[in-house]
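Okay, structure first, notes after.
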Amino acid sequence: MKATKTKENALRRTRGVALLAALLLGAAGCGSPEAFKVSEACGTEFDPELIGRLLPEGDDLKSDDAFSEPKQFRCEFAVDGREQVGLRGDIVEPFVKPLEVKESVMLRLGNPAPAEIGDGATIADHGGMALKACTYNGEKMQYVLSIDSVEDPKDTAERRRVLEEFLRSQLPVAMEAGGCRP
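First residue of the sequence shown? That's 239 in this note's numbering, and the numbers climb one at a time after it.
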């Protein structure tokens with residue numbers, strides 16, 4: 239009876255060690271680098287949780303606004319030396335219909351659908367655009383914020399949800415930074 243108990247204890251220990259090893263290996267395989275947290279880039283503020291979720295994993299993040307001009311904000315994000323996400327803000331005349339003008343761009347970004355952001359928005363699989371009426375230097379204008387070349391999160395439904403959340407939170411911030419008041 240003593241030999242049977244010793245065998246049972248040894249078998250339990252072996253199972254316990256095997257289970258612990260499997261859990262540790264599984265946890266190590268599931269771990270991934272933390273998303274970039276960007277609170278400011280290209281002269282504007284961002285919600286660090288949202289913009290970081292739209293960028294791929296990597297070691298080095300750079301932003302470039304070399305192509306920005308008055309009334310035309312441009313910010314390109316590069317991860318590990320490769321351009322990834324483009325963000326643009328434009329102040330346009332009130333008669334311009336950006337959602338119609340950029341319809342082919344949104345089609346190229348995949349399955350565009352309207353969204354309730356500002357005065358109109360479109361969310362696609364790999365980008366989006368939102369606009370809001372504003373006053374710029376005393377004149378009635380519109381601010382158009384667009385983002386493209388977005389590949390992350392990998393799940394398309396989740397990516398679209400994060401894009402919509404990003405445009406909703408970033409539109410007023412970008413407008414303010416561009417000098418376009420609601």
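A virtual CB, placed ideally from N, CA and C, is assigned to each residue, including glycine.
Counted within 10 angstroms of its Cβ, other Cβ atoms place F284 as buried (16 or more) or exposed: buried
Beta-carbon contacts of D386 that lie in its chain and below 7 Å, excluding the five residues immediately before and after: G324, L347, H364 and G365
Spatially closest choice to D298 from K309, P286, F315 and E307, by CA coordinates: F315
Endpoints, alpha helix (DSSP H) assigned at A412: T394 to A415
Segments assigned alpha helix (DSSP H), at least 4 residues, entirely inside the segment 273-361: 286-291, 336-339 and 341-346
Cross-strand partners of V388 (DSSP beta bridge): DSSP, once it has assigned bridges, lists no residue as partnering V388.
D328 beta carbon less than 8 Å from that of V382: V382 is a Cβ neighbour of D328, given a cutoff of 8 Å.
6 Å Cβ shell around A371 - same chain, five flanking residues per side excluded: Apart from sequence neighbours up to five positions away, the residues of its chain that approach A371 with a beta-carbon distance below 6 Å are D357 and Q380, ordered along the chain.
F311 and A395 closer than 8 Å at C-beta: no
For T360, the nearest candidate out of G376, K335, T373 and E377 (CA to CA): K335
Alpha carbon of A368 to alpha carbon of E414, nearest angstrom: C-alpha separation (whole angstroms): 15 Å.
Contacts around A273, its chain only, beta-carbon distance under 6 Å, and the 5 residues preceding and following it disregarded: Scanning its chain for C-beta atoms nearer than 6 Å, with the 5 sequence neighbours on each side dropped, one finds around A273 the residues G290 and R291, in chain order.
Supposed close pair V317, P294 - CB separation, criterion 8 Å: Right, their Cβ atoms sit about 5 Å apart.
Rounded straight-line distance, which links the Cα of P308 to that of R399: Taking the straight line from one Cα to the other gives about 30 Å.
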